[in-house]
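Okay, structure first, notes after.
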Ligand code: P53
């Protein structure tokens with residue numbers, strides 16, 4: 001019936017429209033249900049204002065005058081001195097039924113979420129899994145299906161169990177690789193038949209800029225006297241270990257549930273040269289290589305040629321176990337996923353060095369593009385370009401695991417907001433997604449980041465809202481938690497109903 005009612009759509013039948021979340025940004029209940037602490041429980045609120053007042057050189061989530069270990073110790077001893085919003089989330093642990101019903105009401109076909117590793121293994125490496133944690137996700141997956149959605153599940157989204165961080169320096173140790181493999185296998189066994197789509201690590205490439213957040217690396221940050229601090233060797237060793245862990249999970253997934261598909265997740269940084277100078281274009285090439293490196297290994301099963309020179313010239317010698325290269329070869333992903341938010345401008349630096357750590361925002365402004373309140377450029381055409389680049393490179397089906405617009409919303413007493421700016425962003429990006437599909441790119445789904453307001457990853461703010469559904473909570477955790485429907489809720493519903501054929505903004509029915 002959709003075909004009759006609407007004009008042709010570039011989107012294939014069964015296209016997976018939906019939204020994306022992460023356990024550490026929605027669940028809350030950080031110490032309930034037998035859950036053990038995770039790195040995300042030790043991440044402070046860090047607003048734009050605080051960021052400006054306290055410039056930093058590395059992980060934006062951490063103060064730069066204290067080592068991670070010192071800070072964690074203080075958070076344990078004086079939790080009252082710290083605002084740690086990821087412990088609260090939006091209370092999804094208790095509200096998931098109502099929240100998923102709202103997603104179902106919009107017509108979602110897919111719900112991307114993550115499992116909190118420390119709900120399943122409180123220490124990350126316990127002898128037995130925690131049944132209460134396993135049962136929670138059973139209930140969530142059942143609820144997804146009840147509401148017409150396939151769960152698409154990330155195994156680890158910025159929340160390494162704290163025990164593995166503190167005792168083993170996270171993925172700096174092979175112990176963590178083994179623990180992850182066992183955790184992944186436990187999930188595949190338990191949820192076989194219930195979960196068809198898996199992802200290994202969220203934004204695996206961000207290990208270079210945010211090693212604590214991405215990989216549970218705790219020693220490296222800000223510790224003066226630490227021989228590894230700031231060294232590429234350490235970061236790329238951690239990256240290697242995590243790539244091996246990812247490949248091992250892929251192999252396990254295929255063994256345990258041959259019907260399931262498993263993908264990667266790359267924070268895709270699409271870069272433009274600042275000028276037509278060949279040097280600037282060369283910098284784009286370098287930067288692309290640092291970004292592609294991760295998905296190249298995951299999709300092609302081997303280290304790409306171009307890293308050898310960087311490793312040689314920067315003293316990086318990856319320690320490998322005998323089986324590693326074979327594991328990487330056998331553990332190639334079934335599909336590719338990316339997050340796409342913005343594009344960056346590159347200026348020649350004279351040598352290949354990855355972007356300065358923690359820079360979520362381009363150092364150089366693009367005069368041709370508008371920006372969000374957080375300085376993120378809005379670039380729908382960049383989305384089409386990036387999709388073509390990915391497909392050209394891997395020829396694998398693509399799922400957009402994140403795309404979205406964080407803004408300050410003025411919510412009324414019903415939690416309503418006429419968020420036309422969000423609608424515009426969505427419309428423009430879906431239009432370009434359609435163009436990419438017409439170009440021949442094989443995309444099978446689109447997950448809007450934060451379909452319900454959630455705690456920001458980069459700043460832990462609630463003020464940076466992404467949702468079609470509002471949540472009455474502020475940065476201090478104050479508010480009723482009540483959910484409301486924004487104007488964009490009705491727009492996305494209509495868009496999904498027409499399978500992307502109806503993108504018009506002048507016939508939105510709000511009811
Ligand atoms: P927030 C860097 C650049 C782009 C996206 O981000 C990034 C990052 C790392 O923080 O992260 C992804 O909440 C991430 C989500 C996150 C989302 O983008 O800082 O996978 O967890 O919430 C948006 O506005």
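Numbering (UniProt numbering), first residue to last: 1 to 511. Here a beta-carbon is modelled for each residue, glycine too, at the ideal position from N, C-alpha and C. Bear in mind that the values here come from a model prediction, so they are computed numbers and not experimental data.
Checklist entry - Would you say residue 267 touches ligand 1, meaning its beta carbon is less than 7 Å from a heavy atom? => result yes
Next on the checklist: Can you tell me whether residue 117 sits near ligand 1, meaning its C-beta is under 7 Å from at least one heavy atom of the ligand?
Outcome noted: no
Next on the checklist: Taking the straight line between their C-alpha atoms, what separation do you get for residue 435 and residue 445?
Outcome noted: 14 Å
Item to check | Among 18, 263 and 119, the one whose alpha carbon lies nearest that of residue 150 | outcome: 18
Checklist entry - Quick one: is the Cβ of residue 114 within less than 7 Å of any heavy atom of ligand 1? => result no
Item to check | Residues bridged to residue 131 [DSSP beta-bridge criterion] | outcome: Residue 131 pairs with nothing; no bridge assigned.
Item to check | For residue 473, three-class secondary structure by DSSP | outcome: coil
Checklist entry - To which residues of the same chain is residue 225 closer than 6 Å at the C-beta, ignoring the five residues directly before and after it? => result Below a pLDDT of 50, predicted positions are generally treated as unreliable, and residue 225, at 44, falls in that range; the measurement from the model is reported next regardless. So no residue of the chain qualifies.
Next on the checklist: Mapping the DSSP letters down to three states, classify residue 214 as helix, strand or coil.
Outcome noted: helix
Next on the checklist: Quick check: the Cα distance between residue 89 and residue 472, rounded to an integer number of angstroms?
Outcome noted: 12 Å
Checklist entry - Which ranges does the alpha helix (DSSP H) cover as unbroken runs of at least 4 residues, wholly within the stretch 391-448, from first to last along the chain? => result 420-439
Item to check | Heavy atom of ligand 1 within 7 Å of residue 464 beta-carbon | outcome: yes
Item to check | Where residue 483 sits in the DSSP three-state scheme | outcome: strand
Checklist entry - Which residue from 93, 152 and 495 puts its Cα closest to that of residue 32? => result 93
Next on the checklist: Going by C-alpha to C-alpha distance, which of 14, 246 and 339 sits closest to residue 447?
Outcome noted: 339
Next on the checklist: When you compare the CB positions of residue 484 and residue 415, do they come within less than 8 Å of one another, or not?
Outcome noted: yes
Checklist entry - When the Cα of residue 200 is compared with those of 299, 278, 131 and 123, which residue comes out closest? => result 299
Checklist entry - If residue 391 and residue 442 are in contact, beta carbons under 8 Å, what's the gap, nearest whole angstrom? => result 6 Å
Item to check | Spatial distance of residue 77 from residue 69 (CA atoms) | outcome: 12 Å
Item to check | Which of helix, strand or coil DSSP assigns to residue 331 | outcome: coil
Next on the checklist: Only counting the same chain, and skipping five residues up and downstream in sequence, which positions put a Cβ closer than 7 Å to that of residue 138?
Outcome noted: none
Item to check | Heavy atom of ligand 1 within 7 Å of residue 89 beta-carbon | outcome: no
Next on the checklist: Give me the DSSP bridge partner(s) of residue 452.
Outcome noted: 469
Checklist entry - Where do the ends of the beta strand (DSSP E) carrying residue 265 lie? => result It is not in any beta strand (DSSP E) - residue 265 carries neither H nor E in the DSSP assignment.
Item to check | Close-in-space but distant-in-sequence residues of the same chain around residue 398 (CB under 8 Å, 5 per side omitted) | outcome: 335, 336, 337, 338, 387, 390, 391, 441, 442, 443 and 444
Next on the checklist: Rounded to whole angstroms, what is the Cα-Cα separation between residue 508 and residue 10?
Outcome noted: 21 Å
Checklist entry - Nearest CA to the CA of residue 169: which residue from 261, 238, 505 and 20? => result 238
Item to check | Span of the alpha helix (DSSP H) around residue 295 | outcome: 278-300
Item to check | Three-way DSSP call (helix, strand, coil) for residue 488 in this model | outcome: helix
Checklist entry - Do residue 486 and residue 504 come within 8 Å of each other at the CB atom, strictly closer than that value? => result no
Next on the checklist: Rounding to the nearest angstrom, what Cα-Cα distance links residue 259 and residue 194 in this structure?
Outcome noted: 11 Å
Next on the checklist: Measuring alpha carbon to alpha carbon, tell me which residue in 343, 74 and 303 is nearest residue 371.
Outcome noted: 343
Checklist entry - How about residue 265 and residue 154: are their beta carbons less than 8 Å apart? => result yes
Next on the checklist: Going by DSSP, what residue range makes up the alpha helix (DSSP H) through residue 251?
Outcome noted: 232-256
Next on the checklist: On a Cα-Cα basis, can you pick out the residue from 144, 131, 124 and 47 that is closest to residue 513?
Outcome noted: This structure gives no information on residue 513, because the portion of the chain shown stretches from 1 to 511.
Checklist entry - Between residue 413 and residue 279, what straight-line distance do the alpha-carbon atoms span, to the nearest angstrom? => result 54 Å
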